[in-house]
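Trainee: Protein chains in written order, with numbering that gives the first Met the number 0: chain A, 0 to 135; chain B, 0 to 135. Here's a structure for you.
Number of protein chains: 2
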Amino acid sequence: MNEHVHETADLTKNQTLVMGALTRSKGPLSAYTILDQLRDNGFRAPLQVYRALDKLVEFGLVHRLESLNAFVACRHPGCDGDDTIAFMICERCGQVNEITDTALAMRLKQLAGEASFALKKTTIELRGICRTCQVA
Amino acid sequence: MNEHVHETADLTKNQTLVMGALTRSKGPLSAYTILDQLRDNGFRAPLQVYRALDKLVEFGLVHRLESLNAFVACRHPGCDGDDTIAFMICERCGQVNEITDTALAMRLKQLAGEASFALKKTTIELRGICRTCQVA
DNA sequence: GTATGTGACGTTATCTCATTACAAGATTGC
DNA sequence: GCAATCTTGTAATGAGATAACGTCACATAC
Ligand SMILES: [Zn+2]
Ligand SMILES: [Zn+2]
Ligand SMILES: [Zn+2]
Ligand SMILES: [Zn+2]
Numbered sequence: 000m001n002e003h004v005h006e007t008a009d010l011t012k013n014q015t016l017v018m019g020a021l022t023r024s025k026g027p028l029s030a031y032t033i034l035d036q037l038r039d040n041g042f043r044a045p046l047q048v049y050r051a052l053d054k055l056v057e058f059g060l061v062h063r064l065e066s067l068n069a070f071v072a073c074r075h076p077g078c079d080g081d082d083t084i085a086f087m088i089c090e091r092c093g094q095v096n097e098i099t100d101t102a103l104a105m106r107l108k109q110l111a112g113e114a115s116f117a118l119k120k121t122t123i124e125l126r127g128i129c130r131t132c133q134v135a
Numbered sequence: 000m001n002e003h004v005h006e007t008a009d010l011t012k013n014q015t016l017v018m019g020a021l022t023r024s025k026g027p028l029s030a031y032t033i034l035d036q037l038r039d040n041g042f043r044a045p046l047q048v049y050r051a052l053d054k055l056v057e058f059g060l061v062h063r064l065e066s067l068n069a070f071v072a073c074r075h076p077g078c079d080g081d082d083t084i085a086f087m088i089c090e091r092c093g094q095v096n097e098i099t100d101t102a103l104a105m106r107l108k109q110l111a112g113e114a115s116f117a118l119k120k121t122t123i124e125l126r127g128i129c130r131t132c133q134v135a
């Protein structure tokens with residue numbers, strides 16, 4: 000099996016529970032919100048959530064939103080190979096849209112190159128109001 | 000005077016102190032680090048720092064780095080009119096470089112437009128190793 | 001089989017980051 | 001003066017994240 004593809008079967012019990020909570024949620028969740036949701040499943044301490052989240056982020060199944068201190072399940076199948084993901088976060092409904100754009104990624108890499116900056120990770124988060132919330 | 004330009008004279012005592020701490024620093028500072036540095040100036044509580052920071056960010060004199068939960072003095076004179084700023088953050092020395100790029104900003108606006116997303120604020124933070132730290 | 005290593009797990013305590021709530025001064029406009 | 005507004009001071013609390021410790025299950029080596 001491809002070592003980079005992680006399916007449900009690969010996940011531990013705690014990882015599966017955390018992944019489930021994020022998948023069920025419409026928007027991003029904080030670690031403590033996840034903890035509260037999983038109390039009935041035996042979760043008692045933040046570390047149980049953070050440890051699972053670390054792995055899920057490492058697997059690429061979950062993304063961390065820096066501007067929200069929250070986590071969201073990846074809903075963008077093609078993002079696996081792409082390390083330059085942009086998030087559009089609606090400040091009204093909380094929904095998050097994940098997009099990858101070649102031109103955007105290229106330009107960022109170029110800017111980093113011009114500065115001789117060894118790029119490791121990019122964070123792009125757009126805050127605003129989504130289409131649905133604008134008409135409402 | 001231009002209402003968008005804030006000089007030292009416009010700042011209150013606390014705002015001036017916080018601005019000074021950030022200007023003196025080589026890299027970004029957390030709110031609590033600033034608090035510690037200003038204890039001798041009468042600072043006693045986090046809120047004194049956060050209130051000043053809120054205003055300084057509002058004035059455009061200071062930027063918040065979401066991925067660090069820290070603040071940095073603006074060292075990019077041209078960034079005032081531009082709301083699409085990218086930060087290059089060196090993970091070794093901590094120094095932050097601030098850049099604005101028209102092509103980057105345009106592409107982001109275009110992507111938002113295509114999704115009918117009413118863009119309010121963009122966060123772009125690049126993590127990596129700066130030129131100086133690579134050779135060292 | 002036993003030793004050893006590794007990874008996940010549980011628990012407590014602690015640390016860092018940020019805000020709420022309330023009161024007291026200072027400033028401005030009338 | 002007086003009200004409105006802004007800034008400040010202080011205490012308490014909420015929210016996010018990690019350190020340090022020990023335990024358990026399982027795989028591999030001998
Ligand atoms: Zn994704
Ligand atoms: Zn929305
Ligand atoms: Zn700036
Ligand atoms: Zn550096």
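Here a beta-carbon is modelled for each residue, glycine too, at the ideal position from N, C-alpha and C.
1. With 16 other CB atoms within 10 Å as the buried threshold, where does V134/B fall?
2. Thinking C-alpha only, which one of C73/B, F116/B and L46/B is nearest I98/B?
3. Using only CA atoms, which one of L125/B, G127/B and M105/B lies nearest to L118/B?
4. May I ask you to list, following chain order, the residues of the segment 106 to 126 of chain B that have a beta carbon less than 8 Å from some beta carbon of chain A?
5. Near V56/A, what residues of its chain come up, given a Cβ to Cβ distance below 8 Å and the 5 sequence neighbours on each side ignored?
6. Hey, is L103/B's beta-carbon within less than 9 Å of any beta-carbon in chain A?
7. Identify the continuous beta strand (DSSP E) that holds T99/B and give its terminal residues.
8. Less than 8 Å between the CB of E124/A and some heavy atom of ligand 3, yes or no?
9. Is the beta carbon of E97/B within less than 8 Å of some heavy atom of ligand 3?
10. Which full runs of the alpha helix (DSSP H) of 4+ residues lie inside the segment 58 to 119 of chain A, going along the chain?
11. Apply the 10 Å Cβ neighbour rule to G11/B and answer buried if 16 or more other Cβ atoms are within range, or exposed otherwise.
12. Just tell me which of I84/A, D79/A, R126/A and E90/A has its CA closest to the CA of T83/B.
13. Which same chain residues, not among the five before or five after Q36/B, have their C-beta less than 6 Å away from its C-beta?
14. Hey, would you say S29/A sits closer than 9 Å to R130/B, going by beta carbons?
15. Between G26/B, L107/B, F58/B and C78/B, which has its C-alpha nearest E90/B's C-alpha?
16. By DSSP's criteria, I123/A is part of a beta bridge. Which residues make up the other side?
17. What residues of chain A sit near E65/B, judged by a beta carbon separation below 8 Å?
18. Spatial neighbours of L60/B within its chain, please: CB distance less than 8 Å, with the 5 preceding and 5 following residues excluded, ordered by chain position.
19. Does the distance from the C-beta atom of T122/B to that of E65/A stay below 9 Å?
20. Kindly indicate which three-state DSSP category A44/B falls into: helix, strand or coil?
21. Within the continuous alpha helix (DSSP H) that includes K12/B, where are the two ends?
Mentor: In this structure, then:
1. Numbered from its first residue, the second sequence carries residue 134/B at position 135. With fewer than 16 other beta carbons inside 10 angstroms of its own, V134/B counts as exposed.
2. The count along the second sequence starts at 1 and reaches residue 98/B at position 99. Checking every option, the nearest Cα to that of I98/B belongs to C73/B.
3. As a working note, residue 118/B is residue 119 in the second sequence. For the residues L125/B, G127/B and M105/B, the minimum Cα distance to L118/B belongs to M105/B.
4. Taking 8 Å as the Cβ-Cβ cut-off, the segment 106 to 126 of chain B approaches chain A at R106, L107, L110, A111, A114, S115, F116, A117, L118, K119, K120, T121, T122, I123, E124, L125 and R126, given in chain order.
5. Sequence index remark: in the first sequence, residue 56/A carries index 57 (1-based). For V56/A, same chain residues with a beta-carbon under 8 Å away, outside a window of 5 residues either side, are H62, R63 and F70 in chain order.
6. Counting from one through the second sequence, the residue named residue 103/B turns up at place 104. L103/B counts as touching chain A.
7. Along the second sequence, one-based indexing puts residue 99/B at 100. Per DSSP, T99/B belongs to the beta strand (DSSP E) from V95 to T99.
8. Position 125 of the first sequence, counted from the first residue, corresponds to residue 124/A. A distance criterion of 8 Å places the beta-carbon of E124/A beyond contact range of ligand 3, judged by its closest non-hydrogen atom.
9. One-based indexing of the second sequence puts residue 97/B at position 98. Within the cutoff, so yes.
10. Counting only runs of 4 or more, we get 101 to 113.
11. Here the question's residue 11/B lines up with position 12 in the second sequence. The sequence shown places Thr at residue 11/B, not Gly. Counting C-beta atoms within 10 angstroms of its own C-beta, T11/B has fewer than 16 neighbours from the protein chains shown and is therefore classed as exposed.
12. The residue labelled residue 83/B in the question sits at position 84 within the second sequence. The candidate whose alpha carbon is nearest that of T83/B is R126/A.
13. Mapped onto the second sequence, residue 36/B falls at position 37. Scanning its chain for C-beta atoms nearer than 6 Å, with the 5 sequence neighbours on each side dropped, one finds around Q36/B the residues A20, in chain order.
14. Here residue 29/A corresponds to residue number 30 of the first sequence, with the count starting at 1. Here residue 130/B corresponds to residue number 131 of the second sequence, with the count starting at 1. By the CB criterion at 9 Å, S29/A and R130/B fall outside the cutoff.
15. Here residue 90/B refers to the residue found at position 91 of the second sequence. Minimum Cα distance to E90/B is reached at G26/B.
16. Within the first sequence, numbered from 1, the residue matching residue 123/A stands at position 124. Its beta-bridge partners are A85/A and I123/B.
17. Taking the first residue of the second sequence as 1, we reach residue 65/B at position 66. In chain order, E65, S66, T122 and E124 make up the part of chain A whose C-beta sits under 8 Å from the C-beta of E65/B.
18. Stepping through the second sequence from its first residue, residue 60/B is reached at position 61. Cβ-Cβ distances below 8 Å link L60/B to H5, M18, A72 and C73 in the same chain, with the five nearest sequence neighbours on each side left out; the list follows chain order.
19. Against the second sequence, residue 122/B aligns to sequence position 123. Against the first sequence, residue 65/A aligns to sequence position 66. Going by C-beta atoms, T122/B is nearer than 9 Å to E65/A.
20. Residue mapping note: residue 44/B aligns to position 45 of the second sequence, counting from 1. It is coil, neither helix nor strand.
21. Translated into the one-based positions of the second sequence, residue 12/B becomes position 13. For K12/B, the enclosing alpha helix (DSSP H) begins and ends at K12 to R23.
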